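Trainee: Below is a structure I'd like to ask you about.
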Amino acid sequence: MPNTQAPILDVPDNGGEFAADSGQHPAPILEVRDLEVEFAVDDGKIKVLDGVSFKVAPGQTLGIVGESGCGKSVTSLAIMGLLPKPHGQVVAGSIRFQGEELLSLAPDQMYKVRGNRISMIFQEPMTALNPVQTVGEQLMEVFRLHRPEYDKAQRKAAAIAMLQKVGIPEPAQRFAVYPHNLSGGMRQRVMIAMALSCEPDLLICDEPTTALDVTIQAQILELMKELQAQTGMAIIFITHDLGVVAELCDEVVVMYAGRAVEQADVFELFDHPRHPYTHGLMSSIPRLEDEPKSLLKTIKGQVPALHEMPAGCRFSNRCPHATDLCISAIPAVEQLNPRHHVACHYWKELTV
Numbered sequence: 017m018p019n020t021q022a023p024i025l026d027v028p029d030n031g032g033e034f035a036a037d038s039g040q041h042p043a044p045i046l047e048v049r050d051l052e053v054e055f056a057v058d059d060g061k062i063k064v065l066d067g068v069s070f071k072v073a074p075g076q077t078l079g080i081v082g083e084s085g086c087g088k089s090v091t092s093l094a095i096m097g098l099l100p101k102p103h104g105q106v107v108a109g110s111i112r113f114q115g116e117e118l119l120s121l122a123p124d125q126m127y128k129v130r131g132n133r134i135s136m137i138f139q140e141p142m143t144a145l146n147p148v149q150t151v152g153e154q155l156m157e158v159f160r161l162h163r164p165e166y167d168k169a170q171r172k173a174a175a176i177a178m179l180q181k182v183g184i185p186e187p188a189q190r191f192a193v194y195p196h197n198l199s200g201g202m203r204q205r206v207m208i209a210m211a212l213s214c215e216p217d218l219l220i221c222d223e224p225t226t227a228l229d230v231t232i233q234a235q236i237l238e239l240m241k242e243l244q245a246q247t248g249m250a251i252i253f254i255t256h257d258l259g260v261v262a263e264l265c266d267e268v269v270v271m272y273a274g275r276a277v278e279q280a281d282v283f284e285l286f287d288h289p290r291h292p293y294t295h296g297l298m299s300s301i302p303r304l305e306d307e308p309k310s311l312l313k314t315i316k317g318q319v320p321a322l323h324e325m326p327a328g329c330r331f332s333n334r335c336p337h338a339t340d341l342c343i344s345a346i347p348a349v350e351q352l353n354p355r356h357h358v359a360c361h362y363w364k365e366l367t368v
């Protein structure tokens, strides 16, 4: 098999104990094991997630990366219990949060977890916020639902305090404005304020900076790191941007076509990617030393349709190293070291 040289992306030290000491394994706050999700379609059922497993510890940031349609958002919706009913359902696996099996909770029990102990920030704040309610009304609703002991004055005071906490200037005045009166960055700060209002132990961020320019994106990422340092919450950060992963995350799960193909400490992953798909993602990053007007590197082909998945490795139809074994047999997830796992038949022979 040919050897290829992976591009090097500078990965800053995030300063977290989990990232800094690869020998430490804090007890996970969330453990997803062998998760399978199916969606009902006109001609039967299709498997959207197939055996996805990962853990995240308190104070840790776990990145989930991959192309559009790889199952990142479906994974987050399954954790939150928000899969569209009746078409989407978890058919196998386990989701344990603080030792409690979420999949066995009754709807009223899950309601107490969602938005309270686990919160989520969605991708586009303009569509996530209600355009006919003021920012303050929407923040107060969070406290009305999850802090019923608060009276109206307490809800308003708490809402204004949250706006101030996320860096919105003149929070008392911004409390009374509508979402369209705010910039994209300010709207995303409002979404963060809503998500953190009940001091969750786990925050799920579904591409929250995609619609923002790079300057505002950097501000939002810095804000999230500051809030995590203050609260000790765990974060699952879903993105397709490897630069964001390098900046924010401690561990990374790489997903492709509904499966987790590689998982590693962020330093380990960027220094020693062992799955051809991970290498393809990193190779697509432009580099300063590239020749002017040179073509960007791409991964040839397309993600297979959900109803036309290969019998073996789902990346086999695009992988330059694929053999008959890859086409016919599903690769097992193997451990390179305690912090690095990969699902590839040839990871030992392949140097990327």
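For the record, in the sequence shown the residue sitting at position 207 is 223 according to the working numbering, with numbers rising by one throughout. Just so you know, even glycine gets a beta-carbon here, dropped at the ideal spot from N, CA and C. Here the structure is a predicted model, which means the values were calculated and not measured.
1. Does the separation of the CB atoms of Lys101 and Met271 fall below 9 Å?
2. Which class does Thr294 belong to by DSSP, given the choice of helix, strand or coil?
3. Under DSSP, the alpha helix (DSSP H) around Phe286 begins and ends at which residues?
4. Entirely within the region 98-140 and at least 3 residues each: give me those beta strand (DSSP E) ranges in chain order.
5. Using three-state DSSP, classify Arg325 as helix, strand or coil.
6. My output table needs one value for Ile301: the three-state DSSP class, helix, strand or coil.
7. Can you tell me the Cβ-Cβ gap for Leu179 and Ala209, rounded? I've got them flagged as a contact below 8 Å.
8. Would you kindly check if the distance between the Cβ of Leu65 and the Cβ of Ile95 is under 9 Å?
9. Distance check for Pro289 and Val370, CA to CA, integer angstroms please.
10. Any chance the region 165-175 sits against the region 216-230, with 3 or more Cβ pairs inside 8 Å?
11. Given a threshold of 16 other Cβ atoms within 10 Å of its Cβ, counted over all protein chains shown, does Asp37 qualify as buried or as exposed?
12. What is the DSSP secondary structure of Ser69, reduced to helix, strand or coil?
13. Using the three-state DSSP reduction, which class does Asn197 fall into: helix, strand or coil?
14. Closer than 8 Å by C-beta to Tyr194: which residues in its own chain qualify, once you throw out the five before and the five after it? Chain order, please.
15. Note the first and the last residue of the continuous beta strand (DSSP E) segment covering Ile95.
16. Please list, in chain order, all residues of the same chain as Glu54 whose beta carbon is under 7 Å from its beta carbon, the five residues on each side excluded.
17. Is it the case that the Cβ atoms of Val230 and Val206 are separated by a distance below 9 Å?
18. Which runs of the beta strand (DSSP E) fall wholly inside the region 203-278 and span at least 3 residues, in chain order?
19. Roughly how many whole angstroms lie between the Cα atoms of Pro4 and Ala250?
20. Does the count of Cβ pairs from the region 273-293 and the region 350-364 closer than 8 Å reach three?
21. At the level of alpha carbons, what is the spacing between Gly39 and Ser120?
22. Compare the beta carbon distance of Leu118 and Val129 with 9 Å and say whether it is the shorter of the two.
23. Identify which residue in Cys342, Ala273, Tyr166 has its Cα closest to the Cα of Glu324.
24. Could you check what DSSP says for Gln351 in three-state terms: helix, strand or coil?
Mentor: Taking the structure as given:
1. Position 85 of the sequence shown, counting from 1, holds the residue named residue 101. Position 255 of the sequence shown, counting from 1, holds the residue named residue 271. It is not a contact, given that the beta carbons lie outside the stated cut-off.
2. What you label residue 294 is simply residue 278 of the sequence shown in a count that begins at 1. Residue state, collapsed to three classes: helix.
3. Sequence index remark: in the sequence shown, residue 286 carries index 270 (1-based). 282-287 is the span of the alpha helix (DSSP H), which, as asked, contains Phe286.
4. 104-113, 134-137
5. Counting from one through the sequence shown, the residue named residue 325 turns up at place 309. The amino acid at residue 325 is misidentified as Arg; the sequence shows Met. Met325 falls in the coil class under three-state DSSP.
6. Here residue 301 refers to the residue found at position 285 when the sequence shown is read from its first residue. Looking at Ile301 - three-state DSSP - the assignment turns out to be coil, as it is neither helix nor strand.
7. Counting from one through the sequence shown, the residue named residue 179 turns up at place 163. Counting from one through the sequence shown, the residue named residue 209 turns up at place 193. Leu179 to Ala209, Cβ: 6 Å. Contact.
8. As a working mapping, residue 95 is identified with position 79 in the sequence shown. As a working mapping, residue 65 is identified with position 49 in the sequence shown. Not in contact: Ile95 and Leu65 (Cβ atoms no closer than 9 Å).
9. In this structure the chain extends from 17 to 368, so residue 370 is not present and cannot be described.
10. They do not touch, by the three-pair rule.
11. In the sequence shown, residue 37 corresponds to position 21, counting from 1. Reliability fails at Asp37, whose pLDDT of 39 lies under 50, so the model's placement of it is uncertain and the value that follows must be treated cautiously. Under the 10 Å beta carbon count, Asp37 is surrounded by fewer than 16 other beta carbons and is classified as exposed.
12. As a first step, residue 69 must be located in the sequence shown, where it is residue number 53. DSSP places Ser69 in strand when its eight states are reduced to three.
13. The sequence position of residue 197 within the sequence shown is 181, counting from 1. Three-state result, Asn197: helix.
14. Sequence index remark: in the sequence shown, residue 194 carries index 178 (1-based). Taken in chain order, the residues that qualify are Pro147, Val148, Gln149, Thr150, Val151.
15. Counting from one through the sequence shown, the residue named residue 95 turns up at place 79. Run containing Ile95: none in the beta strand (DSSP E); it sits in the alpha helix (DSSP H), 88-96.
16. If you number the sequence shown from 1, residue 54 lands on position 38. Result list for Glu54: Lys61, Ile62, Lys63, Val64, Gln105, Val107, in chain order.
17. Counting from 1 along the sequence shown, the entry for residue 230 is found at position 214. Counting from 1 along the sequence shown, the entry for residue 206 is found at position 190. The Cβ atoms of Val230 and Val206 do not sit closer than 9 Å to each other.
18. 218-222, 250-255, 267-272
19. In the structure as shown, the chain starts at 17 and stops at 368, and residue 4 therefore has no counterpart that could be examined.
20. Contact between the region 273-293 and the region 350-364 is present, because at least three Cβ pairs lie under 8 Å.
21. Stepping through the sequence shown from its first residue, residue 39 is reached at position 23. Stepping through the sequence shown from its first residue, residue 120 is reached at position 104. Confidence at Gly39 is low in this model, with a pLDDT of 45, below 50, so the placement of that residue should be treated as unreliable; the coordinate-derived value is given next. Rounded to the nearest angstrom, the two C-alpha atoms are 33 Å apart.
22. By 1-based counting over the sequence shown, the position of residue 118 is 102. By 1-based counting over the sequence shown, the position of residue 129 is 113. Taking 9 Å as the Cβ cut-off, Leu118 and Val129 qualify as a contacting pair.
23. Here residue 324 corresponds to residue number 308 of the sequence shown, with the count starting at 1. Considering only alpha carbons, the answer is Ala273.
24. Indexing the sequence shown from 1 puts residue 351 at position 335. Reduced to three states, the DSSP call for Gln351 is strand.
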